[in-house]
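In the numbering used here, the protein residues as written are 408 to 465.
Listed below in structure tokens is the structure:
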């Protein structure tokens, strides 16, 4: 009985670690997508800003 409880506890701990790992992986994947979607417009905006400054000063 005690051994079964220990095995159940190990199994629950394994499930908990697995779910945490899956959530972390999902968050990282979503964060990478968000960063991609955020950086592209930012870089385009910066390039346009620099080009406008170059046009103004040339």
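Every residue gets a Cβ at the ideal spot worked out from N, C-alpha and C, and that includes glycine.
The C-alpha of residue 412 lies about 38 angstroms from the C-alpha of residue 438. Pairing residue 460 with residue 448, the inter-Cα distance amounts to about 18 angstroms.
Each residue's CA atom was taken as its position, placing residue 450 and residue 462 some 18 angstroms apart.
In the three-state reduction of the DSSP assignment, residue 465 falls in the coil class.
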